[in-house]
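Engineer:
Chains as they are written, first to last, in my numbering: chain A, 316 to 444; chain B, 47 to 757.
1. Which chain A residues are close to residue 399(B), counting only those with a beta carbon under 9 Å from its beta carbon?
2. Where does residue 652(B) sit, in a helix, a strand or coil, going by DSSP?
3. How would you list, in chain order, the residues of chain B whose beta-carbon sits under 9 Å from the beta-carbon of residue 425(A)?
4. Use the C-beta contact count for residue 281(B): other C-beta atoms within 10 angstroms, 16 or more gives buried, fewer gives exposed.
5. With distances taken from CA atoms, which of 726(B), 690(B), 634(B) and 177(B) is nearest residue 738(B)?
6. Which of the three DSSP states, helix, strand or coil, is assigned to residue 263(B)?
7. Using the beta-carbon count (16 or more within 10 Å), is residue 144(B) buried or exposed?
8. Output needed in chain order: residues of the segment 391-417 of chain A with a Cβ under 8 Å from some Cβ in chain B.
9. What residue range is occupied by the uninterrupted alpha helix (DSSP H) comprising residue 721(B)?
10. Please tell me whether residue 340(B) has its Cβ less than 8 Å away from any Cβ of chain A.
11. Kindly list, in the order they appear in chain B, the residues whose Cβ is closer than 8 Å to that of residue 419(A).
12. Run down chain A in chain order and give the residues with a C-beta less than 8 Å from the C-beta of residue 329(B).
13. Spatial neighbours of residue 370(A) within its chain, please: CB distance less than 7 Å, with the 5 preceding and 5 following residues excluded, ordered by chain position.
14. Are any of the Cβ atoms in chain B nearer than 8 Å to that of residue 388(A)?
15. Which class does residue 341(B) belong to by DSSP, given the choice of helix, strand or coil?
16. Would you verify that the beta carbon of residue 333(B) is, or is not, closer than 8 Å to some beta carbon of chain A?
17. What does the Cβ neighbour count give for residue 471(B), buried or exposed, with the cut at 16 atoms within 10 Å?
18. Give the straight-line distance between the Cα atoms of residue 309(B) and residue 60(B), rounded to the nearest whole angstrom.
19. Find out if the Cβ-Cβ distance for the pair residue 110(B), residue 201(B) is shorter than 8 Å.
20. Is there a C-beta anywhere in chain B that falls below 8 Å from the one on residue 441(A)?
21. Closest to residue 399(B) by C-alpha separation, out of 413(B), 459(B), 307(B) and 421(B), would be which residue?
22. As a quick exercise: from 736(B), 415(B), 289(B) and 734(B), pick the residue whose alpha carbon is nearest that of residue 390(B).
23. Is it the case that the Cβ atoms of residue 223(B) and residue 96(B) are separated by a distance below 8 Å?
24. So, is residue 337(A) buried or exposed, given that buried needs 16 or more other C-beta atoms within 10 angstroms?
25. Using beta-carbon positions only, say whether residue 11(B) and residue 218(B) come within less than 8 Å of one another.
26. DSSP state of residue 427(A), grouped into three classes?
27. Express the C-alpha separation of residue 749(B) and residue 741(B) in angstroms, rounding to a whole number.
28. Looking at C-alpha atoms only, which residue of 433(A), 324(A) and 443(A) is the closest neighbour of residue 422(A)?
29. Measure the C-alpha to C-alpha separation of residue 254(B) and residue 221(B) and round it to an integer number of angstroms.
30. Measure the beta-carbon distance from residue 388(A) to residue 360(A) and round it to whole angstroms, keeping in mind my assumption that it falls under 8 Å.
31. Just to confirm the assignment, what range does the beta strand (DSSP E) spanning residue 377(A) have?
32. Count the other CB atoms, across all protein chains shown, that sit within 10 Å of the CB of residue 579(B); report buried if there are 16 or more and exposed otherwise.
33. Would you tell me roughly how many angstroms separate the C-alpha atoms of residue 692(B) and residue 475(B), rounded to the nearest one?
34. Residue 391(B) bridges to which residues according to DSSP?
35. Using 8 Å for Cβ pairs, my map puts residue 624(B) next to residue 658(B). What's the rounded Cβ distance?
36. Taking just the CA atoms, how far does residue 719(B) sit from residue 728(B)?
Here it is, written out as structure tokens:
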């Protein structure tokens, strides 16, 4: 993982956090940004935090309802470690209060499950802007 | 649009500039005019002096002549000398004055002075003469005295000098006067130009000021009109509009609709939190406040912010103005107003969407109703008409009993609570049967009623008015049951009218025979229980088999009770007993569980054994649950042996399921079973082995004895 550019674009390191294996693969496969390099996937907040410290990603997609440490808590911790990190919350929780809470804790985007590939890519593009 | 602050500032600057320029021009004109006037005055004085002076040389010459004539004729010369003296003195004095004033800067003056300096000494002996010019002798009469001769000689010298110099001197002086005249004319012309220039400049400035004033008035008029239009817009729009500043406070302008929506006028300076705090729950308020703060940040773009807007449909309760309360739905929309330095304001638009929300709800409800009816119809098509009619009879009887309970007069809180418990049991058993028949529309209605009863129970104090909503809901349920009955009869008629129905469907298509309406044989329970088992397994993601044996032996007196008990126990087994397939696999059991029911005749009457090979019942869990529900005290719990603990399951209001589902968890269940068994004079017992099984054993007395017990 060097600092070389991808087609002239600065590479972004991506970490996918979701307790569903299917969802992790779905996000990984659906995103179309060649400058995004997947550096890890985590199934819960603890794993995410460990991986985050090891891989120092720039972009994180974050589920909210996960075992051990939930997304909201994890967001707070990630932002405390690296304020410049961009976090896209991908959650099935339609509850607006949760979305606001996540944004307040430091998330930069919000995407409701289920989502289309297009919605996912638009959300990621917005995040990396 | 209001005029921008920048335009205002520019206008003020222009006004100030025009004022300053006008003052400056007037000051300069005054200053230079004053200076010019001063010069002119000096020039005019000098001119006057020069005009007078130019006559002097000739006068002096003339007076010298007069003096000489006088001296020659030995006439009195005193007056002529005095005139000459006076003239010379004045000339000298005035010439000096002009020179001393320094206002005249002309070569002629210097030359005149030079000439006069030569002239003066020549005149000096003449004018300084003080003696007697004549001596009178008898011999020769009057003759010049010695002094007189000298005087005469001096006069002649002066005359000679005058003959040569008086004219040049006069010429110099008259040229000087002309020069001074020209100078002062030029100065006058300059003063005229200066004044003219000043007046022109002042006129130009005044014109500019007038033009400026005119445009300002026009702008102001336009601004006033714009303001009026803004006012009209704000007065007419149906949305509540206002701006929030960086301190989340409302600005000084808002639309009239806002006042109507919130029933207040004091919005200016009100914080967003203060606006909402009386109207919404603290949790909603906290979320709304956080959201507003996020709007001021630049982290999220407008579309994202819109998608997470927690105030998109806000339910608020307010006074309706007639002393009552009214629920309304408001929709808050937020738009950032950008300025040169980022977000300047947040524009908030509030819409009253009550009617559309209510319409949507109505639509949703009618859709639900339609779906429910369809479901009901589909459900009914699978139900044996006999069972359906039997259920409807039982349910209606049960509900009538509920009505009776509700009508029972009650005074004390304890009596009200007793009523509630009775109500709850009746509803629960109706729900059980409805579920068993898969009549979801009925089951969900009864479930809702149960919810209401539960809510009532939680209230610290109960009164008769708390039961009113229950009565209404109960009427609704009865109407629904009537609907089902009607639909059932139509369905039966329809089935009857279809000839040559497939053989498989035929047995169920029989119309109910009147004599069988009120008594179902328990053997009919087998399909009910089997289909209920399937449904339960599906709903709770469990797998189990239900084995039934000996149900044909159930005497008709016990059939209703046995049915109720079996339904209840089957529900308990499916929800609490049988584990999820993964858990069973982990415990090295078959994925599919087994529930066995056996009814048989025994020596003391009848015995019903109900056994599942599930998780069993944990005595500790039972005690903990009973403690949590405050059915027993800590001391009681400590003193309980296993047997006593197991008996807790038959206590009213006991359940170990945390969340309430349609099938279990309300705390009614085994106590209903136990109560109906005791009512028949029977006994009930339970044995269990954690992780292995739970077995209920019900012993009932012979049928004849029981019929006397229930009678």
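For every residue, glycine included, the Cβ atom is placed at its ideal position computed from N, Cα and C.
Structural biologist: Let me spell this out:
1. By Cβ distance, chain A contributes nothing, its closest Cβ being about 16 Å from residue 399(B), past 9 Å.
2. strand
3. 346, 350, 353 and 354
4. exposed
5. 634(B)
6. helix
7. buried
8. 411, 412, 414, 415 and 416
9. 716-725
10. yes
11. 336, 339 and 340
12. 412
13. 328, 330, 354 and 355
14. no
15. helix
16. yes
17. buried
18. 45 Å
19. yes
20. yes
21. 307(B)
22. 289(B)
23. yes
24. exposed
25. Since the displayed chain B opens at 47 and closes at 757, residue 11(B) lies outside it and no answer follows.
26. strand
27. 23 Å
28. 443(A)
29. 49 Å
30. 6 Å
31. 374-377
32. buried
33. 23 Å
34. 383(B)
35. 6 Å
36. 11 Å
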